[in-house]
Amino acid sequence: MNHVGNWVMGGVTALLAVGGLFVAATAAEGVPYYGGLLFFVFAVLLVF
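Quick note on numbering: the sequence shown equals residues 2 to 49 in my numbering.
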């Protein structure tokens, strides 16, 4: 049952990473663009 928590945490983090990519994709320039990319990289590193 302990592994289920790891899968849920990984799934939620992956969804947040995709959300960060959507923020970066809709931003024209500036802080939202780089913030979304940075959040994506952080989430990917958190999963691994």
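Virtual Cβ for every residue (Gly too), placed ideally from N, Cα, C. Computed from a predicted model, the values in this text were never measured in an experiment.
By Cβ distance below 7 Å, which residues in the same chain neighbour residue i in space, the five residues on each side in sequence not counted?
i, result
"VAL45", "ALA18"
Roughly how many angstroms lie between the CA atoms of residue i and residue j, to the nearest whole one?
i, j, result
"VAL48", "ALA15", "8 Å"
"GLY37", "PHE23", "8 Å"
"HIS4", "ALA26", "33 Å"
"VAL13", "PHE41", "13 Å"
"TRP8", "PHE43", "18 Å"
Using a 10 Å radius around the Cβ and a threshold of 16 neighbouring Cβ atoms, would you call residue i buried or exposed?
i, result
"GLY21", "buried"
Using a Cβ-Cβ cut-off of 8 Å, state whether residue i counts as contacting chain D.
i, result
"PHE40", "In summary, chain D is missing from the structure at hand, where a single protein chain is found."
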